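Residue numbers for the sequence shown follow my numbering, so the first one is 296 and each next one is one higher.
Have a look at the structure below before the remarks.
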Amino acid sequence: MSTPNPQLDGHGHLKHFLTIEGLSRGLLTEILDQSEGFLGVARQAVKKVPLCRGKVVANLFFETSTRTRTTFELAAKRLSADVLNLNIATSSTSKGETLLDTLRNLEAMHVDMFVVRHASSGAAHFIAAHADPHVSIINAGDGRHSHPTQGMLDMFTIRRHKGDFANLCVAIVGDVLHSRVARSQIAALNVLGA
296 MSTPNPQLDG HGHLKHFLTI EGLSRGLLTE ILDQSEGFLG VARQAVKKVP LCRGKVVANL
356 FFETSTRTRT TFELAAKRLS ADVLNLNIAT SSTSKGETLL DTLRNLEAMH VDMFVVRHAS
416 SGAAHFIAAH ADPHVSIINA GDGRHSHPTQ GMLDMFTIRR HKGDFANLCV AIVGDVLHSR
476 VARSQIAALN VLGA
């Protein structure tokens, strides 16, 4: 008997996005297909859709980031969510508050989703394992482990330019051994049939 995927709810829908590993081709394709539908939002006069109206998204960036944090903030706002950007440098984590205590304090404020970037591999998995059942976690990069959203953004770009992944040969240049993005790209390319 296989272990259930902790990223999926009881109906097989994505609850957390922690890693590409363990997700099906159908689910990754669905993510790419749904992403296509949001391309036009940035060109609308009102750059918002009401998909997440009434939801609270907390960005927890324990590692510095410019592009990733701002794109998550912008995406949440374009989906009409209320966004909380926790400044880690001025938060109680600087006084020794644990990751779990930070999670519990923000859950008490009825946060619906956490976007987490952390230097420790597995941090997003840890938070997902301890989060309230109604809370979703998105991994925005954890140590050397995974960066599934960047990996999927790259798959989105490849698909828009190449059409599909069949017989595609992709070279990844750089420090592939230590790159969480490369790990996510390789996993996604394998699942999608490249």
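The beta carbon of each residue, even a glycine, is placed where N, CA and C say it ideally should be.
A quick note: this is a predicted structure, and the numbers were derived from the prediction, not measured.
Check                                                                                                                             : Outcome
Alpha-carbon to alpha-carbon, residue 450 and residue 456                                                                         : 10 Å
Where residue 488 falls: helix, strand or coil (DSSP)                                                                             : coil
Own chain partners of residue 310 with C-beta closer than 7 Å, once the 5 adjacent residues on each side are dropped              : 302, 303, 304 and 431
Proximity to residue 362 [Cα-Cα], best of 480, 483, 445 and 473                                                                   : 445
Beta-carbon contacts of residue 312 that lie in its chain and below 6 Å, excluding the five residues immediately before and after : 433 and 443
The region 412-426 / the region 374-385 touching (three or more Cβ pairs under 8 Å)                                               : no
Distance cut-off 7 Å: residue 368 Cβ against heavy atoms of the ligand ADP                                                        : The ligand ADP is absent from the structure shown, which contains no ligand whatsoever.
Residue 401 to residue 337 span [Cα, whole Å]                                                                                     : 30 Å
Range of the contiguous beta strand (DSSP E) that encloses residue 432                                                            : 431-437
Check whether residue 441 and residue 314 have beta carbons under 8 Å apart                                                       : yes
Backbone CA spacing between residue 348 and residue 327 [nearest angstrom]                                                        : 22 Å
Cβ contact (3+ pairs, closer than 8 Å) linking the region 385-393 and the region 402-411                                          : no
Unbroken alpha helix (DSSP H) run spanning residue 364, endpoints                                                                 : 362-373
According to DSSP, residues forming a beta bridge with residue 411                                                                : 355 and 434
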